[in-house]
Each structure stands twice: as C-alpha cells, then as structure tokens.
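Chemist: For reference, the structure I am asking about is given below.
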Amino acid sequence: MAVDAAREEKALREVTNRLVEDYGEAHPAERVEAVVGAVRKRFEGHSVREFVPILVERIARRELDPTRAKNPAAEVDLTKSTAAREAGEENSREGDQADASSVFAAVAGRFIPARLVENKRALGVVTAGIVAVLAVAAIMAVRQPDSPSTATAAAALTTVHGVVGSEKSAFFDDPKVADALAKHGFKVEVEPAGSRQIATSVDLGKYDFAFPSSSAAAERIQRQSKVSGKYVPFSSPMAIATFKPIADLLTQAGIVQPGATTTFDVGKYLGLAEKGVQWTQLQGNSTYSVPKNVLVSTTDPRTSNSAAMYLAVTAYVANDNTIVRGAKAEDYAVSRVSRLFTRQGYTESSSDGPFKDYLSNGMGTVPMAWIYEAQYVDAAVHNQLKPDMVLMYPTPTVMSQHTVVPLNDKGDQIGKLLTTDPDLQRLAAEHGFRPTDVGLFTNVTAAHQVPVDANLVNQVSPPDYDTLEHLLDGVAKSYN
Numbered sequence: 000m001a002v003d004a005a006r007e008e009k010a011l012r013e014v015t016n017r018l019v020e021d022y023g024e025a026h027p028a029e030r031v032e033a034v035v036g037a038v039r040k041r042f043e044g045h046s047v048r049e050f051v052p053i054l055v056e057r058i059a060r061r062e063l064d065p066t067r068a069k070n071p072a073a074e075v076d077l078t079k080s081t082a083a084r085e086a087g088e089e090n091s092r093e094g095d096q097a098d099a100s101s102v103f104a105a106v107a108g109r110f111i112p113a114r115l116v117e118n119k120r121a122l123g124v125v126t127a128g129i130v131a132v133l134a135v136a137a138i139m140a141v142r143q144p145d146s147p148s149t150a151t152a153a154a155a156l157t158t159v160h161g162v163v164g165s166e167k168s169a170f171f172d173d174p175k176v177a178d179a180l181a182k183h184g185f186k187v188e189v190e191p192a193g194s195r196q197i198a199t200s201v202d203l204g205k206y207d208f209a210f211p212s213s214s215a216a217a218e219r220i221q222r223q224s225k226v227s228g229k230y231v232p233f234s235s236p237m238a239i240a241t242f243k244p245i246a247d248l249l250t251q252a253g254i255v256q257p258g259a260t261t262t263f264d265v266g267k268y269l270g271l272a273e274k275g276v277q278w279t280q281l282q283g284n285s286t287y288s289v290p291k292n293v294l295v296s297t298t299d300p301r302t303s304n305s306a307a308m309y310l311a312v313t314a315y316v317a318n319d320n321t322i323v324r325g326a327k328a329e330d331y332a333v334s335r336v337s338r339l340f341t342r343q344g345y346t347e348s349s350s351d352g353p354f355k356d357y358l359s360n361g362m363g364t365v366p367m368a369w370i371y372e373a374q375y376v377d378a379a380v381h382n383q384l385k386p387d388m389v390l391m392y393p394t395p396t397v398m399s400q401h402t403v404v405p406l407n408d409k410g411d412q413i414g415k416l417l418t419t420d421p422d423l424q425r426l427a428a429e430h431g432f433r434p435t436d437v438g439l440f441t442n443v444t445a446a447h448q449v450p451v452d453a454n455l456v457n458q459v460s461p462p463d464y465d466t467l468e469h470l471l472d473g474v475a476k477s478y479n
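According to numbering that gives the first Met the number 0, the sequence shown holds residues 0 to 479 in order.
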C-alpha cells in the first residue's frame, strides 16, 4: 500500500523534530536538518515509500553519532531480529547489516497484525515481503561507498559561492566536477559574469571567491578587496574560431597560414582592417560576399576579459610589436586599434554569447570569433562542432591566466582544490583548459583529434595592470 506524499512529509517532519531534540547538544538544528535532507535524497525516485521515514531516521542517527543521543532508547535493539539474515540478506559490512536488521525489527512490530502471528504461513508471507523490501531499500540507501555523489550526500556539504568568467560555467555545471568537490565536503554555486564586470561592478561581498579569466582582472579585484592570495589552476590562450570558407579567403589575402594548426597574422589583419576593407572587396570571394568590414568579432572591452586580451595583442602589434608603455604609446595604440571595436556594432558582455552564436548561427552571423581556446576544445569534446569549423591561432597570441581570488577561507580552500586536486585538474582538461600538467590537456585533444598548438611559442605578455586600464579607458571613450 503506497503512502501518500502528505503522510510521508508529516512522518519526516516528526523524524527531524525527534533528531533535533535528541542531538541538540551535539549539533545545531541546521546540521541535523541538513543530514536528514541529504539522507532523504537517496530515496528520491524509488516507488517503495512505506519505510522511507524509518530508514531515514536510522541512517541519520548513525551519522549524527548514536553515542551522543539523549534518548538511547530511540535506537532499535539490534538483537531483536535476525530475519533479514535468515531470508538471505548477506552484507559484508556490519553497519549495513545492522541497518537492515534494526529497521526490519521496527517495521515488523508496527506493521504485522497480531492475528497473523498465530498463522505461521501468513506470517511467513508477510515477513518475506517486508524483508525483500527492506533488503532492497537498505542496499540502495546505505551500500554505495564507491559513488562520490552518494557517499557525500549523507554529509552536510559546505556551500561556497563564487562569481566566475562565463567561459567556466560549463566546467562548474558538470556533475563530475560537483562530485569531485563534494568528496572534499563542498558544494560550489557560481554565477557567471564578464571578467571585467567582476573586477569593476560586481558586488563581491556576496561571494567567497572570484574567478576572472586573467591576471589583470584578478589584480584589480585583489586591490579592491585588499586580499593578497590567488591561485591559477589553469590557463587558456586566445584563439579565433572561424569556418573553412573564411580561412580559405584569408589565406588568399595572405593573412591566414594553413598547416598542422592554422595561424592568423595579426599585423596583416590590422593593416587590412585599418583600411576598412569589406568582405566583398577580397579578391576571388565567391563564398562570403557580404558588404561588411573584415573584422574579428569580440566581446565588449568595457566588461569582458577576452576583449581586453584582444586589445592587448592588437595594441602590441600596433606599437611596432613592442609592449605598450607610457602615455604616448598608449594614445598611439588606441588610435590604431579602437576601430577594431567600434566598427563591430553591438558586442556582448561575456565570451559565452558570441561563441554560442558561432556554434549555432554559422558564418553568416559570426565569420570570425575571438575566443578562449578552451571553448573550442570543450565544444569538440562534447561533439558540438560542425565539419567546416576551424580553429586559428593569432600570431602573436596571449595566454589568459584563469585566476581564483579567494575572498575568505572557504574561497581559499576552493582555490587550493582547483589547483591541486588531480580529478579537478583532469576535468579542467576535459573542458578544454590547460591545467598545471599540460600533458592532461594534450591527452584530451589527441583523443578527440583537435588540432592544437601545445607549445605556442609566439606569445606576448599583456601590458601591466595600469597600462591595460588606460588602453581600455581609451577604447571606451572611442565609443562616444
């Protein structure tokens, strides 16, 4: 006979109240409620509901430590029944066997009518039925030591809140990442935002850690929050996502060089863009005859780190392949590169948007998208790429250092785990990032046949924090 939801809820409330009363001196009520909630989740989706409240109470008491109970009588006498063992229940773990036996004793006393006790045949049928149900339920609820999500569900996890660059949303949404964090007692909840937004306008008081996509944004957060700690669990070079017809056109124009990996000459591109050349003006263009400027699509440099990295690369090239230093060099670089942004029209605040457009809308909308390499590799691993999609490496490029800035002790623990835990490092590689052990990354890309440049010799160092801020301010003024 099924127990309706209202009856089960009432019984579980009574269980919670009893446990709060019994363990009030050892644990706060919130801890008890969390344990009950976690144990209860083990039974979600199972059709047999009659004994769920009893099983929840039994398991919760064990986890809250029965030796501290104010009411020892609440623990069922484990010696009263061996019926589960006699019915064939064999469990190598004494704790699991005790659970099944004790719950059977309690249930038998509550649910077997006295008149059936005199009818041995009827009693045997009912007993066998209860034992079968309890054996399955006890095994499902208790005997799952090898599953990280189940093993940790019984414990109340510490919730940690973070604000992260949008390109890391898929990583934190991955159930395997949640399980790896839960093994260490943490549940991490994140909100995505543009990395420059995180550094300039997000209320960091609501979070335990910030996780922007560059060391420059992290430095600004450190200054504002007056914290010194940071972790760099992984990195990702900037790249350009395009399509084979576009790559072929730009190869004819001398900007793209095919090979084991495709490269994109930023200097030649800058010269073309400064002249305002449109796609229709490219010689031999019969595949993308569109009257739009030849431009790489970026995010908004006022809010997004990926656009700031694009600015760092193009400003370096515009400054005669020299790191920008000083007001004169800053003004000169801005005068040359600001049109790369202002001629794009509307730009999004974080890198997730343009890359999704690239994946779903094709080259008609986004012929070239400035992205993190990790986004392309992640899409390849998850079979989201189409056959004509191409990854290009700008020459030079820049490495984006994804940096955790802990805002308190909880955030510090997450930063350490992301940097040192082998499972989390491996999962970062599966999402396209380059962890501290680059071999993990190359294993993933080789397995999924993604052509990447593992060495990337031609990199530039981004300008220092203050210079990059001045460049960004200069570009922002160009919008007005």
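Ideal Cβ positions, reconstructed from N, Cα and C, are used throughout, including at glycine.
Report buried or exposed for Pro461, applying the criterion of at least 16 other Cβ atoms within 10 angstroms of its Cβ.
Modeler: For this step, residue 461 is matched to residue 462 along the sequence shown. Buried.
Chemist: Using 8 Å as the Cβ pair cut-off and three pairs as the minimum, do the stretch 308 to 326 and the stretch 389 to 408 touch?
Modeler: Yes, the stretch 308 to 326 touches the stretch 389 to 408.
Chemist: For Asp172, which of helix, strand or coil comes out of DSSP?
Modeler: Position 173 of the sequence shown, counting from 1, holds the residue named residue 172. The answer is helix: DSSP assigns Asp172 an H, G or I state.
Chemist: Can you tell me the Cα-Cα spacing of Asp351 and Gly193, whole angstroms?
Modeler: Against the sequence shown, residue 351 aligns to sequence position 352. Against the sequence shown, residue 193 aligns to sequence position 194. One C-alpha to the other measures close to 9 Å.
Chemist: Can the beta-carbon of Ala481 be found closer than 8 Å to that of Ala368?
Modeler: This structure gives no information on residue 481, because the portion of the chain shown stretches from 0 to 479.
Chemist: Under 8 Å, do His183 and Leu416 count as touching if we go by C-beta distance?
Modeler: As a working mapping, residue 183 is identified with position 184 in the sequence shown. As a working mapping, residue 416 is identified with position 417 in the sequence shown. Result yes, Cβ atoms of His183 and Leu416 sit closer than 8 Å.
Chemist: Compare the beta carbon distance of Lys267 and Val389 with 8 Å and say whether it is the shorter of the two.
Modeler: Within the sequence shown, residue 267 is the residue found at index 268, counting from 1. Within the sequence shown, residue 389 is the residue found at index 390, counting from 1. No, Cβ-Cβ distance for Lys267 and Val389 is not below 8 Å.
Chemist: Mark Arg433 as exposed unless 16 or more other C-beta atoms lie within 10 angstroms of its C-beta, in which case mark it buried.
Modeler: For the purposes of this step, residue 433 is taken as the residue at position 434 of the sequence shown. Label assigned to Arg433: buried.
Chemist: Determine the closest residue to Leu294 out of Glu62, Val316, Leu423 and Gln343, with distance taken between C-alpha atoms.
Modeler: Walking along the sequence shown from the start, residue 294 turns up at place 295. Selected option, being the one with the closest Cα: Gln343.
Chemist: So the candidates are Pro353, Gln251, Ser234 and Ser168; which of them puts its Cα closest to the Cα of Val397?
Modeler: As a first step, residue 397 must be located in the sequence shown, where it is residue number 398. Per the Cα distances, Ser234.
Chemist: Using beta-carbon positions only, say whether Thr15 and Val35 come within less than 8 Å of one another.
Modeler: Within the sequence shown, residue 15 is the residue found at index 16, counting from 1. Within the sequence shown, residue 35 is the residue found at index 36, counting from 1. Yes, these two residues count as a Cβ contact at 8 Å.
Chemist: Exposed or buried, what is Thr321 when buried is set at 16 or more other beta-carbons lying within 10 Å of its beta-carbon?
Modeler: Taking the sequence shown and counting its residues from 1, the one referred to as residue 321 is at position 322. Looking at its Cβ environment, which holds fewer than 16 other Cβ atoms inside 10 Å, Thr321 is exposed.
Chemist: Closest to Thr261 by CA distance: which of Val333, Glu372 and Asn318 is it?
Modeler: Taking the first residue of the sequence shown as 1, we reach residue 261 at position 262. Of the candidates Val333, Glu372 and Asn318, the one whose C-alpha sits nearest the C-alpha of Thr261 is Glu372.
Chemist: Which word fits Gly410, buried or exposed, when buried means at least 16 other C-beta atoms lie within 10 angstroms of its C-beta?
Modeler: For the purposes of this step, residue 410 is taken as residue 411 along the sequence shown, with counting starting at 1. Buried is the call here.
Chemist: If you reduce the DSSP assignment to three classes, tell me which class Leu470 lands in.
Modeler: Here residue 470 refers to the residue found at position 471 when the sequence shown is read from its first residue. In this structure, Leu470 counts as helix in the three-state DSSP scheme.
Chemist: With DSSP as the reference, please indicate the residues paired to Val437 in a beta bridge.
Modeler: For this step, residue 437 is matched to residue 438 along the sequence shown. DSSP output for Val437 lists no bridge partner at all.
Chemist: Can you tell which of Gly473, Leu269 and Gly431 has its C-alpha closest to the C-alpha of Ser168?
Modeler: Here residue 168 corresponds to residue number 169 of the sequence shown, with the count starting at 1. Per the Cα distances, Gly431.
Chemist: Take Glu188 and list the residues in its own chain whose beta-carbon comes closer than 8 Å to its own, dropping the five residues that flank it on each side.
Modeler: Position 189 of the sequence shown, counting from 1, holds the residue named residue 188. Closer than 8 Å at Cβ, skipping near neighbours: Thr158, Val159, His160 and Gly161.
Chemist: What number of angstroms, rounded off, separates the C-alpha of His447 from the C-alpha of Tyr357?
Modeler: Counted from its first residue, the sequence shown places residue 447 at position 448. Counted from its first residue, the sequence shown places residue 357 at position 358. Going from the Cα of His447 to the Cα of Tyr357 covers about 20 Å.
Chemist: Where Ser212 and Leu11 are concerned, what is the direct C-alpha to C-alpha distance, given to the nearest angstrom?
Modeler: Position 213 of the sequence shown, counted from the first residue, corresponds to residue 212. Position 12 of the sequence shown, counted from the first residue, corresponds to residue 11. C-alpha separation (whole angstroms): 45 Å.
Chemist: According to DSSP, simplified to helix, strand and coil, what is Leu248?
Modeler: By 1-based counting over the sequence shown, the position of residue 248 is 249. Here Leu248 sits in helix by DSSP.
Chemist: Which one or two residues does DSSP pair with Trp278 in a beta bridge?
Modeler: Your numbering for residue 278 matches position 279 in the sequence shown. Looking at the DSSP assignment, Trp278 forms no beta bridge with any residue, so it has no partner.
Chemist: Excluding the 5 residues preceding and the 5 following Pro232 in the sequence, name in chain order all residues of the same chain whose CB lies nearer than 6 Å to its CB.
Modeler: Here residue 232 refers to the residue found at position 233 when the sequence shown is read from its first residue. If we look at Pro232 and ignore the five residues flanking it on each side, its Cβ neighbours are Leu417 and Thr418.
Chemist: Take Ser296 and list the residues in its own chain whose beta-carbon comes closer than 7 Å to its own, dropping the five residues that flank it on each side.
Modeler: Taking the first residue of the sequence shown as 1, we reach residue 296 at position 297. Answer for Ser296: Gln343, Pro353, Val365, Met367, Ala368 and Trp369, listed in chain order.
Chemist: Does the separation of the CB atoms of Gln251 and Gly283 fall below 8 Å?
Modeler: Looking up residue 251 in the sequence shown gives position 252. Looking up residue 283 in the sequence shown gives position 284. In this structure, Gly283 lies closer than 8 Å to Gln251 by Cβ.
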